[in-house]
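Q: Pasting in a structure now, in structure tokens, and then I'll have a few things to ask.
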Amino acid sequence: MDWKNKVILVTGGTGSFGKKFIEVMLKEYQPAKLIVFSRDEQKQHEMRQAGFDHPNLRYFIGDIRDAARLRRAFEGVDFVVHAAALKQVPACEYNPMEAVKTNILGSSNVIDAALDAGVERVIALSTDKAVNPINLYGATKLAAEKLFVQSNAYAGGRASRFACVRYGNVVGSRGSVVPVFLRQREEGAITITDERMTRFWITLEQGVRFVIRCLEEMHGGEVFVPKIPSMKVIDLARVVAPEAKINVIGIRPGEKLHEVLISEDEARTVVELDDMYVVQPAEALWFGRDWEKQGKAINDEFRYASNNNTEWLSADEIGGIVEQVEESLKTK
1 MDWKNKVILV TGGTGSFGKK FIEVMLKEYQ PAKLIVFSRD EQKQHEMRQA GFDHPNLRYF
61 IGDIRDAARL RRAFEGVDFV VHAAALKQVP ACEYNPMEAV KTNILGSSNV IDAALDAGVE
121 RVIALSTDKA VNPINLYGAT KLAAEKLFVQ SNAYAGGRAS RFACVRYGNV VGSRGSVVPV
181 FLRQREEGAI TITDERMTRF WITLEQGVRF VIRCLEEMHG GEVFVPKIPS MKVIDLARVV
241 APEAKINVIG IRPGEKLHEV LISEDEARTV VELDDMYVVQ PAEALWFGRD WEKQGKAIND
301 EFRYASNNNT EWLSADEIGG IVEQVEESLK TK
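Here it is, written out as structure tokens:
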């Protein structure tokens, strides 16, 4: 794909993902224009001050709740990466209507604006919490996934296509547990909710490169899931602070022991490739990509969860991740 002629817009572009995406795009792909769309002028200012100031970079103030502003921003845009969302589980539980307005209605606005403006491809960032959700954040992201998959049917004869990327915890992002453990280490005690807890892990750069690849390969309606390693949270705590006391405080409301990226109910439409899974739309007249020719169907009892993963991070690998996070925190 020739990225040099593309105009790309990132909703929530001042977040952890957005900044890394912009960094990689400017350095390696040099698109014609990159648009950061977000609602916080201070974060946009700080992003400029941090060196994100390029002739092809534009900053748009706007909220995905504002359909008219999205339509204006999407004029002339080829690709949209939809990363804007309310992501904190406790905040979504306490402010449920705000989560619905941003994660569901905001996603609907993104879809409508993309269709009206003739955007070629739109890919939305989802989460493991959308699979069998037990909290409102997960439920809103599940709804957003469904909207993006089925929006391909609304495109009709238009060229616009929509897909999703679904992955687990992003190491070092805002809200990641690693910076929390590093702060707690200074106090001599680390808190975890349950010793059995496992999590999928992916770095920001891996997530960004996966999204770029999926933008290139998507046909419309897919949910792309990368193959990523798991780790035990207690192993992470011991690597971060081997001498610190570990306090087990119990699972919080809306929290799972293990993450699930693909459920048994989705398995019958999943195709496995070397380094990812593709959840195909169950019924789609627009869908023409034959993923089975590139990969293989999986057992319909398949379940991709952080506790039954075949790939686990070793203590040394966890230590390398912690060192990377520490270095990144020093530069902020």
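Residues in the sequence shown are numbered consecutively from 1, following our numbering.
Glycine residues also receive a C-beta, built at the ideal position from the N, C-alpha and C atoms.
No experiment lies behind these values; they were computed from the predicted model shown.
#1: Could you check where the beta strand (DSSP E) with Val165 kicks off and where it finishes?
#2: Going by the DSSP bridge assignment, what does Arg121 pair with across the sheet?
#3: Could you say if the stretch 147-162 and the stretch 96-115 meet the contact criterion of at least three C-beta pairs nearer than 8 Å?
#4: I need the DSSP call for Met1, collapsed to helix, strand or coil.
#5: How many Å lie between Lys27 and Gly250 at the Cα?
#6: Quick one: what's Met231 bridged to in DSSP?
#7: When we look at the beta-carbon of Glu222 and count the other beta-carbons within 10 Å, is it buried (16 or more) or exposed?
#8: Would a C-beta distance cut-off of 8 Å place Leu136 and Val170 closer than the cut-off?
#9: Roughly how many whole angstroms lie between the Cα atoms of Gly320 and Ser176?
#10: If you count every other CB in all the chains shown that lies within 10 Å of the CB of His45, and 16 or more means buried, which is it?
#11: Mind checking Glu272: buried by the 16 CB within 10 Å criterion, or exposed?
#12: Would you identify the three-state DSSP class for Ile246, choosing helix, strand or coil?
#13: Can you list, in chain order, the residues of its chain with a C-beta nearer than 6 Å to that of Asp63? Leave out the 5 residues immediately preceding and following it.
#14: Closest to Leu182 by CA distance: which of Leu125, Ile318 and Val240 is it?
#15: Within its chain, find whatever has a CB closer than 8 Å to the CB of Ile61; leave out the 5 residues flanking it on each side and keep chain order.
#16: Work out the CA separation of Ala315 and Lys232 for me, nearest whole Å.
#17: Would you kindly report the start and end of the unbroken beta strand (DSSP E) that includes Phe302?
#18: Nearest to Asn309 by CA position, among Gln30, Thr140 and Gly168, is which residue?
#19: Where do the N-terminal and C-terminal ends of the alpha helix (DSSP H) with Leu204 fall, by residue?
#20: Among Ala267, Ile134, Tyr29 and Ile190, which residue has its Cα nearest to the Cα of Leu236?
#21: Taking only the alpha-carbon atoms, compute the straight-line gap between Gly295 and Asp116 and give it to the nearest angstrom.
#22: Label Asn247 either buried or exposed according to how many other C-beta atoms from any shown protein chain fall within 10 Å of its C-beta, with 16 as the threshold for buried.
#23: Could you check the C-alpha separation between Gly156 and Arg209 for me, to the nearest Å?
A: If we stick to the structure as given:
#1: Here residue 165 refers to the residue found at position 165 when the sequence shown is read from its first residue. From DSSP, the beta strand (DSSP E) with Val165 extends over Arg161 to Tyr167.
#2: Mapped onto the sequence shown, residue 121 falls at position 121. Within the DSSP secondary-structure output, Arg121 pairs in a beta bridge with Phe79 and Arg161.
#3: yes
#4: Walking along the sequence shown from the start, residue 1 turns up at place 1. Met1: coil per DSSP, three-state reduction.
#5: Against the sequence shown, residue 27 aligns to sequence position 27. Against the sequence shown, residue 250 aligns to sequence position 250. Those two C-alpha atoms are separated by around 44 Å.
#6: Position 231 of the sequence shown, counting from 1, holds the residue named residue 231. Per DSSP, Arg199.
#7: If you number the sequence shown from 1, residue 222 lands on position 222. The residue in question, Glu222, is buried, as its Cβ has 16 or more Cβ neighbours within 10 Å.
#8: Translated into the one-based positions of the sequence shown, residue 136 becomes position 136. Translated into the one-based positions of the sequence shown, residue 170 becomes position 170. Not a contact, by the Cβ cut-off of 8 Å.
#9: Here residue 320 corresponds to residue number 320 of the sequence shown, with the count starting at 1. Here residue 176 corresponds to residue number 176 of the sequence shown, with the count starting at 1. Going by the C-alpha atoms only, they are around 16 Å apart.
#10: Here residue 45 is taken as the residue at index 45 of the sequence shown, counted from 1. Under this definition His45 is an exposed residue.
#11: Here residue 272 refers to the residue found at position 272 when the sequence shown is read from its first residue. With 16 or more Cβ atoms within 10 Å of its Cβ, Glu272 is classed as buried.
#12: Indexing the sequence shown from 1 puts residue 246 at position 246. The answer is strand: DSSP assigns Ile246 an E or B state.
#13: Locating residue 63 in the sequence shown gives position 63, where the first residue counts as 1. Excluding residues within five positions, the ones whose Cβ falls inside 6 Å are Arg39.
#14: Mapped onto the sequence shown, residue 182 falls at position 182. Nearest of Leu125, Ile318 and Val240 to Leu182, Cα basis: Val240.
#15: As a working note, residue 61 is residue 61 in the sequence shown. Excluding sequence neighbours, Ile61 sits near Ser38, Arg39, Glu41 and Gln44.
#16: Start at 1 with the first residue of the sequence shown, and residue 232 comes out as number 232. Start at 1 with the first residue of the sequence shown, and residue 315 comes out as number 315. Rounded to whole angstroms, Lys232 to Ala315 spans 10 Å at the Cα level.
#17: Taking the first residue of the sequence shown as 1, we reach residue 302 at position 302. That residue, Phe302, is in no beta strand (DSSP E); it is neither H nor E in DSSP.
#18: On the sequence shown, position 309 is the one that residue 309 refers to. Out of Gln30, Thr140 and Gly168, Gly168 has the C-alpha closest to the C-alpha of Asn309.
#19: Residue 204 sits at position 204 when you count from the first residue of the sequence shown. Residues Leu204 to Glu217.
#20: Start at 1 with the first residue of the sequence shown, and residue 236 comes out as number 236. Of the candidates Ala267, Ile134, Tyr29 and Ile190, the one whose C-alpha sits nearest the C-alpha of Leu236 is Ile190.
#21: By 1-based counting over the sequence shown, the position of residue 295 is 295. By 1-based counting over the sequence shown, the position of residue 116 is 116. So the alpha carbons of these two residues sit roughly 34 Å apart.
#22: For the purposes of this step, residue 247 is taken as residue 247 along the sequence shown, with counting starting at 1. Result: exposed.
#23: Translated into the one-based positions of the sequence shown, residue 156 becomes position 156. Translated into the one-based positions of the sequence shown, residue 209 becomes position 209. Roughly 30 Å separates the two Cα atoms.
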